[in-house]
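With the first letter of the sequence shown counted as 1, position 49 gets the number 50 in my numbering; the numbers rise by one all the way through. What follows is one structure encoded as structure tokens, with my remarks underneath.
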Amino acid sequence: MMKKKIILIAMAALGAACILIALIGIATPATAESPRERFFEVHAKRFEYAPDTIQVNQGDKVTIRLVSEDVSHGLYVDGYEIKTAAHPGAEGTLTFVADKTGRYTFRCTVTCGEFHPYMVGYLNVEPNSRLWIFALLIVGVALCSAVIVLR
Ligand SMILES: [Cu+2]
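Right, here's the structure in full:
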């Protein structure tokens with residue numbers, strides 16, 4: 002009987018904590034996890050990109066400016082099927098919404114020399130963790146409520 006009461010109090014406390022955390026989360030203004038505009042300047046030269054890895058969050062509006070430091074180069078993002086090209090003195094620009102999570106390879110589309118096939122970089126699109134935290138909190142609150150009501 003005593004044990005049941007302790008479990009009940011623990012569940013109620015857990016439920017209250019879940020609700021409190023959810024309220025704090027809702028009240029908190031947009032953070033770095035919210036979709037936002039991201040800008041990257043990628044410098045291309047035989048046979049590399051700098052930076053060669055672009056890290057964004059799901060939902061971000063991403064703009065990549067491609068600048069060539071020697072000959073003509075391209076940038077094609079696998080999975081997103083989008084591309085741009087840069088020529089000496091003429092930049093290329095690419096804007097898209099990173100709506101798919103995962104690691105995508107981007108590669109040069111202009112044959113620029115012997116190691117052209119190895120000219121690659123990576124686009125990492127992280128899932129929107131804030132969304133998942135909220136989803137988990139809602140499930141937590143629902144479970145706590147169910148336990149309290151159904152005991
Ligand atoms: Cu190339």
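Yeah, the Cβ is synthetic: ideal placement off N, Cα and C, and Gly gets one too. Note that this is a predicted model, so its numbers are computed, not measured.
Is residue i near ligand 1, in the sense that its beta carbon is under 6 Å from a heavy atom of that ligand?
{"i": "H44", "result": "no"}
{"i": "L74", "result": "Reading the sequence as shown, one finds His at residue 74 and not Leu. The answer is yes for H74."}
{"i": "H88", "result": "no"}
{"i": "V142", "result": "no"}
{"i": "V111", "result": "yes"}
Let me check understanding here. Comparing Cα to Cα, which of the options lies closest to residue i?
{"i": "G75", "options": "K62, C109, S130", "result": "C109"}
{"i": "F41", "options": "M120, A86, S35, T96", "result": "T96"}
{"i": "N129", "options": "S35, R66, K46", "result": "S35"}
{"i": "R104", "options": "G90, T85, Q59", "result": "Q59"}
{"i": "D191", "options": "R66, G90, P89, A99", "result": "The displayed coordinates of the chain run from 2 to 152. Any statement about residue 191 would go beyond what the structure contains."}
{"i": "E82", "options": "E115, K101, V142, Y119", "result": "K101"}
{"i": "N125", "options": "L144, D61, A147, D71", "result": "D61"}
{"i": "V72", "options": "A87, L132, R66", "result": "A87"}
{"i": "G113", "options": "K46, K5, L132, R39", "result": "The sequence given here has Cys at residue 113, not Gly. Of K46, K5, L132, R39, the residue nearest in Cα terms is K46."}
Roughly how far, in whole angstroms, is the beta-carbon of residue i from the beta-carbon of residue j, given that I think they are within contact range, below 8 Å?
{"i": "V63", "j": "H44", "result": "Actually they do not touch by this definition, with Cβ atoms about 17 Å apart."}
{"i": "G122", "j": "F107", "result": "5 Å"}
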